[in-house]
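A.B. asks: My questions all concern the structure below.
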Amino acid sequence: MVSFRLLIVALLITLVFASINTAVAGDPTRPYEWRSGVVERDENSLVETLQLNQIIAFTNRRYAIINGQRYQQDDLINGYRITAIQSQRVRLQNGQKEIELTMFTPSIKRSSAEVGDNQ
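For the sequence shown, the residue numbers in mature numbering (1 follows the signal peptide of the UniProt record, and there is no 0) are -25 to -1, 1 to 94.
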């Protein structure tokens, strides 16, 4: 009878320590490199994650479709406020930082004559 009680007490102590260890360690099924909280990004990576898909303009209202979501002026995206929606670009601002999303990325195109001269 004493050994049975001792076994029960030992089992309870083991369960208590196991639950404390699990609570401290967190979710045992989470990925190894997972980190909780907000991950700070620099401005360039934020611009890369925000993609301006479309600009919709009515007579008195403009909307920007960014990453498939509809936004209008003064809406917040990742801590940045939309300050302007123009025909080909959207401007976002967070304090002193300003980001501009454009519909088309500028690219340099060469004529076939220039390409032929370089060969």
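Even for Gly, the Cβ is constructed at its ideal location relative to N, Cα and C.
Figure out for me which residue from Gly43, Thr34, Asn42, Gln68 has the closest Cα to the Cα of Asp49.
C.D. replies: Residue numbering aside, residue 49 sits at position 74 when the sequence shown is read from its first letter. When each option's Cα is compared against that of Asp49, the closest is Gln68.
A.B. asks: Please report how far the alpha carbon of Glu73 lies from the alpha carbon of Gln47, in whole angstroms.
C.D. replies: Residue 73 sits at position 98 when you count from the first residue of the sequence shown. Residue 47 sits at position 72 when you count from the first residue of the sequence shown. Distance between the alpha carbons of Glu73 and Gln47: 17 Å.
A.B. asks: Measuring alpha carbon to alpha carbon, tell me which of Leu(-20), Leu(-19), Thr(-12), Leu27 ends up nearest Gln63.
C.D. replies: Counted from its first residue, the sequence shown places residue 63 at position 88. Of the candidates Leu(-20), Leu(-19), Thr(-12), Leu27, the one whose C-alpha sits nearest the C-alpha of Gln63 is Leu27.
A.B. asks: For the putative contact between Ile52 and Ile41, defined by C-beta atoms under 8 Å, what is the C-beta separation to the nearest angstrom?
C.D. replies: The residue given as residue 52 occupies position 77 in the sequence shown. The residue given as residue 41 occupies position 66 in the sequence shown. With a Cβ gap of about 6 Å, Ile52 and Ile41 count as contacting.
A.B. asks: Give me, in chain order, the residues of the same chain whose beta-carbon lies closer than 6 Å to that of Tyr38; leave out the 5 immediate sequence neighbours on both sides.
C.D. replies: One-based indexing of the sequence shown puts residue 38 at position 63. Close CB contacts of Tyr38 within its chain, under the 6 Å cut and outside five residues either way in sequence, are with Ile31, Arg45, Gln47 (chain order).
A.B. asks: Have a look at residue 97 and Arg36 and give me their C-alpha separation to the nearest angstrom.
C.D. replies: For residue 97 there is no data in the structure shown, the boundaries of the chain being -25 and 94.
A.B. asks: Just checking my contact of Thr77 with Arg66 at CB under 8 Å: how many whole Å lie between their CB atoms?
C.D. replies: Residue numbering aside, residue 77 sits at position 102 when the sequence shown is read from its first letter. Residue numbering aside, residue 66 sits at position 91 when the sequence shown is read from its first letter. Actually they are not in contact, since the Cβ atoms of Thr77 and Arg66 sit about 10 Å apart, beyond 8 Å.
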